[in-house]
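Protein chains in written order, with numbering that gives the first Met the number 0: chain H, 0 to 281; chain G, 0 to 449. For every residue, glycine included, the Cβ atom is placed at its ideal position computed from N, Cα and C.
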Amino acid sequence: MYSVVKAEQLADRVHELVVKAPHVARNARAGQFLIVRVDPDGERIPLTISRVDGDFVRVIFMTIGATTYRLAELTAGDMIQDVAGPLGRPSEVPRNATCAVVGGGVGIASCPIIAKTLKAAANRVIGIIGARNVDLMILEDEMREACDELFVTTDDGSYGRHGYAADVLKEVIAEEKVDYVWIIGPAIMMKVTSEVTRAPGIRTFVSLNPIMVDGTGMCGSCRVIVNGETRFACVDGPEFDAHQVDFDRLMQRQRIYLEEEREALKHHHEHRCGCSTGAHHG
Amino acid sequence: MAERSPGERILDFSEVDSGFTAEEARSEAERCIQCKKPACVSGCPVGVDIPRFVLAIAEERFDEARSTILEANLLPSVCGRVCPQETQCEGACILGKKGRAINIGALERFAADRGEGEELGTLVRAPPTGRRIAVVGSGPAGLTAAAELARSGHSVVLFESLHEPGGVLVYGIPEFRLPKSVVRREIERVLALGVELQTNTLVGRSITIEELLAYDAVFISTGAGLPSFMGIPGEETNGVYSANEYLTRVNLMGAERFPAAGTPIRRGSRVVVTGGGNVAMDAARVARRLGAKVWLVYRRREDDLPARRDEVRHAREEGIEFVTCASPVRIHGEPAVTGVECVRMEMCDLDESGRPSPRVLDGSSFLIDADTVIQAIGTSPNPLLVRLLEGVQVGRRGNLVTDENGRTSLPRVYAGGDIATGAATVILAMGAGKRAAATIDADLRDAPAH
Numbered sequence: 000m001y002s003v004v005k006a007e008q009l010a011d012r013v014h015e016l017v018v019k020a021p022h023v024a025r026n027a028r029a030g031q032f033l034i035v036r037v038d039p040d041g042e043r044i045p046l047t048i049s050r051v052d053g054d055f056v057r058v059i060f061m062t063i064g065a066t067t068y069r070l071a072e073l074t075a076g077d078m079i080q081d082v083a084g085p086l087g088r089p090s091e092v093p094r095n096a097t098c099a100v101v102g103g104g105v106g107i108a109s110c111p112i113i114a115k116t117l118k119a120a121a122n123r124v125i126g127i128i129g130a131r132n133v134d135l136m137i138l139e140d141e142m143r144e145a146c147d148e149l150f151v152t153t154d155d156g157s158y159g160r161h162g163y164a165a166d167v168l169k170e171v172i173a174e175e176k177v178d179y180v181w182i183i184g185p186a187i188m189m190k191v192t193s194e195v196t197r198a199p200g201i202r203t204f205v206s207l208n209p210i211m212v213d214g215t216g217m218c219g220s221c222r223v224i225v226n227g228e229t230r231f232a233c234v235d236g237p238e239f240d241a242h243q244v245d246f247d248r249l250m251q252r253q254r255i256y257l258e259e260e261r262e263a264l265k266h267h268h269e270h271r272c273g274c275s276t277g278a279h280h281g
Numbered sequence: 000m001a002e003r004s005p006g007e008r009i010l011d012f013s014e015v016d017s018g019f020t021a022e023e024a025r026s027e028a029e030r031c032i033q034c035k036k037p038a039c040v041s042g043c044p045v046g047v048d049i050p051r052f053v054l055a056i057a058e059e060r061f062d063e064a065r066s067t068i069l070e071a072n073l074l075p076s077v078c079g080r081v082c083p084q085e086t087q088c089e090g091a092c093i094l095g096k097k098g099r100a101i102n103i104g105a106l107e108r109f110a111a112d113r114g115e116g117e118e119l120g121t122l123v124r125a126p127p128t129g130r131r132i133a134v135v136g137s138g139p140a141g142l143t144a145a146a147e148l149a150r151s152g153h154s155v156v157l158f159e160s161l162h163e164p165g166g167v168l169v170y171g172i173p174e175f176r177l178p179k180s181v182v183r184r185e186i187e188r189v190l191a192l193g194v195e196l197q198t199n200t201l202v203g204r205s206i207t208i209e210e211l212l213a214y215d216a217v218f219i220s221t222g223a224g225l226p227s228f229m230g231i232p233g234e235e236t237n238g239v240y241s242a243n244e245y246l247t248r249v250n251l252m253g254a255e256r257f258p259a260a261g262t263p264i265r266r267g268s269r270v271v272v273t274g275g276g277n278v279a280m281d282a283a284r285v286a287r288r289l290g291a292k293v294w295l296v297y298r299r300r301e302d303d304l305p306a307r308r309d310e311v312r313h314a315r316e317e318g319i320e321f322v323t324c325a326s327p328v329r330i331h332g333e334p335a336v337t338g339v340e341c342v343r344m345e346m347c348d349l350d351e352s353g354r355p356s357p358r359v360l361d362g363s364s365f366l367i368d369a370d371t372v373i374q375a376i377g378t379s380p381n382p383l384l385v386r387l388l389e390g391v392q393v394g395r396r397g398n399l400v401t402d403e404n405g406r407t408s409l410p411r412v413y414a415g416g417d418i419a420t421g422a423a424t425v426i427l428a429m430g431a432g433k434r435a436a437a438t439i440d441a442d443l444r445d446a447p448a449h
C-alpha cells in the first residue's frame, strides 16, 4: 500500500496526486511512467511521472473513466493499493541544443520534468503550453521556472494567446533554429502539432498513451505502429519519433473499450456509497 | 475422481474436478509396484521420490507423503495440476507399458492439498551465510530458486514487477486449472522460509543494473513474457489479443467480474484462437466461460497438438471447435474484427521436431465469422533485462545463454526458466531454478565475500 500525501484539483476535471513510493521515486527519470491500481479490484492504469521529490512522485490526470474518477476521490492520508514503476524508457537528453517542449491539455503534466532535465543538460528550452480554455490551464508557474522562454495559448482566447500550440511552434521554429521538440498531449493534438516539424526535419518526440495492462512488455495491449513496425509503448516507448507514429491506429486502439468504460463509470457512480456490492469504496 | 459436466463447467471458473478422495488415492497408490529402479523419478525434472510418497499414501500416512514431496518440490499443489505427467513421470511408469500408468499427478495433488497449517513440514533452514541474493521474477523458476537458496541459509530478495507474485501461475494459467488460492498457499510457504518479496518492482527500471549487481549473486527468471504475433494483415484491428493479454485480463485482473472489477475485456460472441499449446487451450476455455462460441485454429493435425492431453479433451468436451490443418492469413474488419480468413494446410515431410511441416494448399481459403481473435502462437524471452545486462551472452531467440548449471556468461549472474530456454513448462522452470540454486550455493561457498 502506498500513501497519498497530497491530493488537489488543479483545473476543471484535472487532479494532482502526490504519493509516497520510494521504489519508484529513487530511479525515476523524465519521460517515464508508473502504473497504479487503486484498490484490490482496480484496473492497472499508466500515468506519466510528473515530478519527483525525495520519496514522493506526482501524477496528474483528467477524470475520464471509472478509475480516474476513483483516483480523484482520494484525499491526503488515503492509501493506493499498488504503484509500480518507473516504467518505460527515459527521455533522450541532448546537450547544448535548443529544445522546444510543447504540452497540450493534461499532457502539460509531463512537461516540467522534461524541461527541467533538458535545462540541466545545458540546453536552451522553449516551453509552449496550450489548453482549450483558461479553466484547463495547469502548471504555468512550473513551466515558466523550468524554461528559458514560455508561451501560453488557449483555443478560445480566454487566456494567453488565442490559438493552438502548433501555431506558436510554427512561429518559434521560423524565428530560431530548434534542434529537438517534445510534444505531449491528446493523440490528435500530437498528430497535428508534429506536422509542423516534419517538413523542416526537426527531431520530434511524442509520448504515446495507448491502453496498457502490465506495462512491462508482457501483454502486447499497448502495441503501436512506428515506422511500419509493431512496437510496445511500455518497453520500447513511451516516447517515439513523432514523424513515424501511426496516430490514426493509436486513436482507433484507444477506443477499444468505449462501451465498457461507460458501463464502468455508471457502475462507479452507482456504487460510490461504500456498499459491499461495488468494486470501489469511497 | 468425478469430473463436473462440461455444461456445468463452462458456467464458472471452478476446477474441472475436485481431485481424489482419500479412498481413491489409497487404492490408486496401492497399484504401484515400487520398482527398484523407478523410471518415474528419472522422468521428474525436480526428482521427487515418487515411489516413497506413493507408498506413504497407500499406507495412509498422508502427512509423510506430503513432506516427502516437499523435500524436492515446494510447489506440489501446482505441479500435481499443471505438469505434463504423460510425458514425464507417468510416461515413464512401467505399468503404462502394458496397461494404465499410476496417476501420479492426481496423487501428488491429493497429498499436497492436505495438511494446511503445517506448511513447512520437515523443511529446515541452514544457519545464515550472510550472503545476499537477488532473484528477479517470481514465477516457477524464481520461486523455486528463492526457496532453495533460503533453505541454504542465504538472505534472498525476490523481485516481482506485477502486484502479485507467481508469474505465469497467476497471470497465465486460469483458475479452473490452477486456483489462485492454491498458488497463494504455496507462495506463502516459500515466503515463510524467510524470502523477502518486493512487488511492483521492475528490475532494470526500479532497480538499476548497478544496484542489482551489488548482490552477492543474481538469479534471473524473468520468463518468456513477450507475446509473438503472427504478422498477418489486420492484427492491429480492435478485438485482436495476444493470449497473454486476454488471459492476464481475466486471471490476474478479474475481468470476468467487470464492472465490479475494474478491468474490461471484450465479451466476444464468436472467438477464434490460433495455436495448439496449453496457452491456446486456456484462452479458448476462458473465452467459452465468458459465453463465446470458440474455434481453435491449428496448422497441423490434431495428433500434433502440443497441449496436455487432458486440456485438449476438456476443451473438446466444453464445445471448443477444433479447426486443424488450417492457418489464419488475414483478419477482416475496420476498426473492429468481423472475421478471420484462413487457408487449409497439407502435411508434408517431417521437420526437425519430428512433426510434418505444414504447407499452404492453394485456393483453399475460407472465412470464419468472428468478432475476437486471440493469438496463442508463443512468446519469447522478456527483453528488458537481457538488453540492459551489458556483455551477457544472448542466444538466437533473445534468451540468456547458460551452462547446464544455470551460469550465464557474466560472473555471479545466473538464469533459468523460460528466459533461458524459451517458452517451456512450469516444472522445467522449477528444475532449472533448483539446479541454479545449487550452483549458486556451491559457487558462493567457494568464493570470498563480495
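Close beta carbons around residue i, own chain, < 6 Å, minus the five adjacent residues each side
{"i": "Y297(G)", "result": "G275 and T323"}
{"i": "Q392(G)", "result": "V400 and S408"}
{"i": "F218(G)", "result": "V134, A144, Y413 and A435"}
{"i": "E2(G)", "result": "V15 and D16"}
C-alpha distance - residue i paired with residue j, whole-angstrom precision
{"i": "L349(G)", "j": "G318(G)", "result": "31 Å"}
{"i": "Y256(H)", "j": "P263(G)", "result": "7 Å"}
{"i": "C146(H)", "j": "R184(G)", "result": "53 Å"}
{"i": "R284(G)", "j": "V339(G)", "result": "19 Å"}
{"i": "A306(G)", "j": "D281(G)", "result": "10 Å"}
{"i": "A291(G)", "j": "G216(H)", "result": "28 Å"}
{"i": "Q251(H)", "j": "S364(G)", "result": "28 Å"}
{"i": "I112(H)", "j": "A29(H)", "result": "6 Å"}
{"i": "P164(G)", "j": "V18(H)", "result": "23 Å"}
{"i": "T229(H)", "j": "R265(G)", "result": "22 Å"}
{"i": "L192(G)", "j": "G76(H)", "result": "33 Å"}
{"i": "A21(G)", "j": "A71(G)", "result": "23 Å"}
{"i": "D0(G)", "j": "R113(G)", "result": "Looking at the sequence shown, residue 0(G) is not Asp but Met. Looking at the two C-alpha atoms, the distance is approximately 16 Å."}
{"i": "G397(G)", "j": "G430(G)", "result": "21 Å"}
Neighbour flag for residue i against chain H, beta carbons, 8 Å
{"i": "A423(G)", "result": "no"}
{"i": "L388(G)", "result": "no"}
{"i": "M252(G)", "result": "yes"}
{"i": "H162(G)", "result": "yes"}
{"i": "F12(G)", "result": "no"}
{"i": "F109(G)", "result": "no"}
{"i": "L383(G)", "result": "yes"}
{"i": "E255(G)", "result": "no"}
Residues near residue i in its chain [Cβ-Cβ closer than 7 Å; skip 5 each side]
{"i": "G222(G)", "result": "G136, G138, G166, V167, N381, G416, D417 and I418"}
{"i": "L201(G)", "result": "S160"}
Neighbour flag for residue i against chain G, beta carbons, 8 Å
{"i": "S220(H)", "result": "yes"}
{"i": "Y68(H)", "result": "no"}
{"i": "R285(H)", "result": "Past the boundaries of the shown model lies residue 285(H); chain H is included only from 0 to 281, so the question cannot be answered."}
{"i": "G273(H)", "result": "With a pLDDT of 48 at G273(H), under the threshold of 50, the modelled position of this residue cannot be trusted; read the value that follows with caution. Taking Cβ atoms only, chain G never reaches closer than 8 Å to G273(H), which makes this a no."}
{"i": "T229(H)", "result": "yes"}
{"i": "N26(H)", "result": "yes"}
{"i": "V151(H)", "result": "no"}
{"i": "A75(H)", "result": "no"}
{"i": "Q243(H)", "result": "no"}
{"i": "E238(H)", "result": "no"}
{"i": "A278(H)", "result": "Confidence in A278(H) is poor, its pLDDT being 43 and thus under 50, which makes the residue's placement unreliable; the coordinate value appears in the next sentence. Interface residue, yes."}
{"i": "R248(H)", "result": "yes"}
Residue(s) in a DSSP beta bridge with residue i
{"i": "C347(G)", "result": "Per DSSP, none; premise fails for C347(G)."}
{"i": "E340(G)", "result": "R329(G) and L366(G)"}
{"i": "T203(H)", "result": "V180(H)"}
{"i": "S241(G)", "result": "Q374(G)"}
{"i": "S2(H)", "result": "M78(H)"}
{"i": "K19(H)", "result": "F55(H)"}
Own chain, CB closer than 8 Å to residue i, minus 5 neighbours either side, in chain order
{"i": "M78(H)", "result": "M0, Y1, S2 and V3"}
Neighbour flag for residue i against chain A, beta carbons, 8 Å
{"i": "V56(H)", "result": "The structure shown contains no chain A; its protein chains are H and G."}
Within the region 61–126 of chain G, note down every full alpha helix (DSSP H) run reaching 4 residues or more, in order along the chain. 61–71, 75–81, 88–91, 94–97 and 103–112
Would you list, in sequence order, the uninterrupted beta strand (DSSP E) runs of no fewer than 3 residues that lie entirely inside the region 138–201 of chain G? 154–158 and 195–197
Output the residue ranges of the beta strand (DSSP E) runs that lie fully inside the region 98–160 of chain H and measure 3 residues or longer, sorted by chain position. 123–130 and 148–153
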